[in-house]
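A.B. asks:
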Amino acid sequence: MPETIAIASDHAGYELKSILVAELKALGFDVLDLGTNGPASVDYPDYADALAGALAEGRARRGVAICGTGIGISIAANRHRHVRSGLCHDGTTARLARQHNDANVLALGARVVGTETAKDCLKVFLSTEFEGGRHTGRIVKMS
Ligand code: RB5
0 MPETIAIASD HAGYELKSIL VAELKALGFD VLDLGTNGPA SVDYPDYADA LAGALAEGRA
60 RRGVAICGTG IGISIAANRH RHVRSGLCHD GTTARLARQH NDANVLALGA RVVGTETAKD
120 CLKVFLSTEF EGGRHTGRIV KMS
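For the sequence shown, numbering that gives the first Met the number 0 gives the first residue as 0, with consecutive numbering after it.
(1) Which runs of the beta strand (DSSP E) spanning at least 3 residues fall entirely within the segment 14-66, listed in chain order?
(2) Please classify SER84 as buried or exposed, where buried requires at least 16 neighbouring CB atoms within 10 angstroms.
(3) Mind the definition here: the segment 92-109 touches the segment 66-79 only if three or more C-beta pairs lie below 8 Å; say whether that holds.
(4) Taking just the CA atoms, how far does GLY136 sit from PRO1?
(5) For ASN36, which residues in the same chain have their Cβ closer than 7 Å to its Cβ, ignoring the five residues on either side in sequence?
(6) Please tell me whether, using a cut-off of 7 Å, the distance from the CB of CYS66 to the nearest non-hydrogen atom of the ligand RB5 is below it.
(7) Around the C-beta of VAL112, are 16 or more other C-beta atoms found within 10 angstroms, so that it is buried, or is it exposed?
(8) Just to confirm, is the Cβ distance from LEU33 to ALA53 under 8 Å?
(9) Mind checking whether ALA117 and LEU15 have CB atoms under 8 Å apart?
Structure follows, in structure tokens:
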């Protein structure tokens with residue numbers, strides 16, 4: 000059974016979200032799309048909360064959060080103790096967010112990263128394992 004990836008964005012991120020939904024499906028994942036799905040202005044904390052709720056309920060183990068810069072939705076997601084959201088802007092930050100921080104949410108800024116870079120971040124985020132070791136105690140301290 001394919002893994003389900005949850006994804007949420009505000010109005011600044013919904014176009015990138017739809018591109019990444021298609022990418023996720025092409026990669027063989029199921030997608031839990033939590034909106035928003037149009038240009039009408041919404042508040043990114045509501046979508047961060049929906050994503051955090053989906054992870055807490057076990058509807059997905061990992062997620063993607065998108066707003067204009069990625070900053071607001073990442074801050075809001077990280078208010079939830081079970082969320083470790085990493086704001087990434089290239090393959091290196093996506094890889095290290097997994098290897099060192101065991102990030103379970105990839106945050107992206109639709110207004111600051113290009114589509115191909117966002118796809119790179121997504122693929123690296125989903126295929127990189129947590130390194131454990133010296134990083135484990137640091138993760139435990141956050142939860
Ligand atoms: C919306 O205009 C914008 O403020 C939001 O998408 C995000 O960039 C906030 O951090």
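Note that CB positions come from ideal geometry on N, CA and C, so glycine has one too.
C.D. replies: Looking at the atomic coordinates:
(1) Secondary structure within the segment 14-66: the beta strand (DSSP E) runs of 3 or more consecutive residues, fully enclosed, are 29-32 and 61-66 (chain order).
(2) The sequence position of residue 84 within the sequence shown is 85, counting from 1. Burial check for SER84: the Cβ neighbour count within 10 Å reaches 16 or more, so the residue is buried.
(3) By the criterion of at least three beta-carbon pairs nearer than 8 Å, the segment 92-109 is in contact with the segment 66-79.
(4) Sequence index remark: in the sequence shown, residue 1 carries index 2 (1-based). Sequence index remark: in the sequence shown, residue 136 carries index 137 (1-based). Whole-angstrom Cα-Cα distance: 30 Å.
(5) Your numbering for residue 36 matches position 37 in the sequence shown. TYR13.
(6) Here residue 66 refers to the residue found at position 67 when the sequence shown is read from its first residue. True, at least one ligand heavy atom lies under 7 Å from that Cβ.
(7) Residue numbering aside, residue 112 sits at position 113 when the sequence shown is read from its first letter. When all chains shown are included, VAL112 counts as buried.
(8) What you label residue 33 is simply residue 34 of the sequence shown in a count that begins at 1. What you label residue 53 is simply residue 54 of the sequence shown in a count that begins at 1. Cβ atoms of LEU33 and ALA53: closer than 8 Å.
(9) In the sequence shown, residue 117 corresponds to position 118, counting from 1. In the sequence shown, residue 15 corresponds to position 16, counting from 1. Yes. Within cutoff.
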